[in-house]
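Numbering (the working numbering), first residue to last: 148 to 323. Please read the structure below before turning to the comments.
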């Protein structure tokens, strides 16, 4: 299985990026032979916006697009910004060629300051992904800063990541 983790976190040590690594590690432990690729959108942000404006993808954006198109499953993660998903993530979704996400299983997750933003996934991101014909898993992960113990996940977060990772693996087994 080829898993691609797309993180729209704005900083190298963001909770969004940490969540992506945590999910990837859990899926890798549970399903031997899983190849994981990470796309940190902040590292290609300028190129993504240029591709959106010009319609021409430079090599880093083209590589990210090809990773998404060759994935068996996607983990899509975003920080919560102004009660929605990241504009950087929206720009990246906009530069993907038509039907790139069609039928692709996606586990989505978001990070935010408080639990007040938990609906960002179901009210903003899920409809966007549905319009792109992705197969969005029923469960989603919303994580606040309080759920981390330093760099490690707290016990409840660890359990939620395990459950979501298992759901992704089961879905892939059923659709094989």
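By construction, the Cβ of each residue, glycine as well, lies at the ideal position given by its N, Cα and C atoms.
- The stretch 160-168 makes contact with the stretch 292-308: 3 or more CB pairs, one atom from each, lie closer than 8 Å.
- The shortest CA-to-CA distance from residue 184 to any of 297, 311 and 150 is the one to 150.
- Sequence-distant partners of residue 280 (beyond 5 residues in either direction) whose C-beta falls short of 8 Å from its own C-beta, in its chain, are 246, 248, 249 and 250.
- Taken through DSSP and simplified to helix, strand or coil, residue 187 comes out as strand.
- Under the three-pair Cβ rule at 8 Å, the stretch 164-178 does not count as touching the stretch 203-219.
- Under the three-state reduction of DSSP output, residue 274 falls in the helix class.
- Distance from the Cα of residue 257 is smallest, within the candidate group 204, 288, 303 and 322, for 288.
- Residues of the same chain with a CB within less than 8 Å of the CB of residue 191, apart from the 5 flanking positions on each side, are 207, 208 and 211 in chain order.
- Along the length of the stretch 206-289, whole beta strand (DSSP E) runs at least 3 residues long occupy 220-228 and 252-259, reported in chain order.
- Nearest Cα to residue 187 within the set 276, 236 and 278: 236.
- Beyond the five residues adjoining it in sequence on each side, residue 196 comes within less than 8 Å, by CB distance, of 238 in the same chain, given in chain order.
- Burial check for residue 253: the Cβ neighbour count within 10 Å reaches 16 or more, so the residue is buried.
- Counting along the chain, residue 149 sits inside no alpha helix (DSSP H); it lies in the beta strand (DSSP E) bounded by residues 149-154.
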